[in-house]
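**Q** Pasting a structure here, questions to come.
Structure follows, in structure tokens:
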């Protein structure tokens, strides 16, 4: 659980370096229809929900720059990797992630059917042949590495999806680490 505290500190430092201190105000909790933050009984649940809120507000502030096909495709590959991180995707989980994707403020830059199609394509490949599907997803993710702001946004999108259910599994952390490597971002930046 210390990982979340570490990321929180890093996110705070990141925010201060961006000069957007006001963004951590009380308005954050109202972001999006994700009322899942309160579900985890542990005391770290709050900080986790805050952190996801922080990533969302960082993404939202970059919304106008995140309109490229590379970001769209890489973030869908990222979401699929996170969803299938443990090697299986229940239909309910697939639907939940799809809903998160199409309701995400930044991803609304793109038509919902494009997002669904790309996400499901990656999930299908991962379920059919995990290692091969993962290699293909990481190749797509790597294409976003040319623009550091997009690369970070891809990882933040993955973190928002991974943390949305109130838990952050070991396998999901590993998927995010691999994506960071593909994007030439030190995973420590995201505390993974």
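Residue numbers (full-length UniProt numbering): 1 to 192.
Note that beta-carbon positions come from the ideal geometry of N, C-alpha and C, so glycine has one too.
Model, not experiment: these values are computed from the prediction.
Span of the alpha helix (DSSP H) holding residue 81?
**A** For the purposes of this step, residue 81 is taken as residue 81 along the chain shown, with counting starting at 1. Looking at the DSSP string, the run of the alpha helix (DSSP H) that includes residue 81 is 69 to 83.
**Q** Give every residue of the same chain whose Cβ lies closer than 6 Å to the Cβ of residue 77, excluding the five residues on either side of it in the sequence, and list them in chain order.
**A** Position 77 of the chain shown, counting from 1, holds the residue named residue 77. Hits under 6 Å: 122, 137, 140, 141.
**Q** Ignoring anything shorter than 4 residues or poking outside the UniProt domain "Co-chaperone DjlA N-terminal" (73 to 190), list the alpha helix (DSSP H) runs there in chain order.
**A** If we require 4 residues or more, the alpha helix (DSSP H) runs fully inside the UniProt domain "Co-chaperone DjlA N-terminal" (73 to 190) come out as 91 to 103, 112 to 128, 130 to 142, 148 to 163, 170 to 182.
**Q** Whole angstroms are fine: how far does the CA of residue 118 sit from the CA of residue 105?
**A** What you label residue 105 is simply residue 105 of the chain shown in a count that begins at 1. What you label residue 118 is simply residue 118 of the chain shown in a count that begins at 1. Cα to Cα, the separation comes out at about 18 Å.
**Q** Helix, strand or coil for residue 66, going by three-state DSSP, please let me know.
**A** As a first step, residue 66 must be located in the chain shown, where it is residue number 66. In this structure, residue 66 counts as coil in the three-state DSSP scheme.
**Q** I'd like the list of long-range same chain contacts for residue 179, defined as Cβ closer than 8 Å, with 5 residues on each side in sequence excluded.
**A** For the purposes of this step, residue 179 is identified with residue 179 of the chain shown, where counting begins at 1. Answer for residue 179: 78, 81, 138, 141, 154, 155, 158, listed in chain order.
**Q** Of the residues 181, 124, 55, 135, which one's Cα is nearest the Cα of residue 89?
**A** Translated into positions along the chain shown, residue 89 becomes position 89. Measuring from the Cα of residue 89, the nearest candidate turns out to be 124.
**Q** Taking residue 173 as the reference, which of 120, 86, 63 has the closest Cα?
**A** As a working note, residue 173 is residue 173 in the chain shown. Per the Cα distances, 86.
**Q** To the nearest angstrom, how far is the alpha carbon of residue 197 from that of residue 192?
**A** The chain is shown from 1 up to 192; residue 197 falls before or after that span and cannot be answered.
**Q** Between the Cα of residue 202 and the Cα atoms of 112, 150, 189, 100, which residue gives the shortest distance?
**A** Examination of residue 202 is not possible in this model, given that the chain is present from 1 through 192 alone.
**Q** Quick one, are the C-beta atoms of residue 75 and residue 147 less than 9 Å apart?
**A** Here residue 75 refers to the residue found at position 75 when the chain shown is read from its first residue. Here residue 147 refers to the residue found at position 147 when the chain shown is read from its first residue. Cβ distance not < 9 Å, so residue 75 and residue 147 don't count as in contact.
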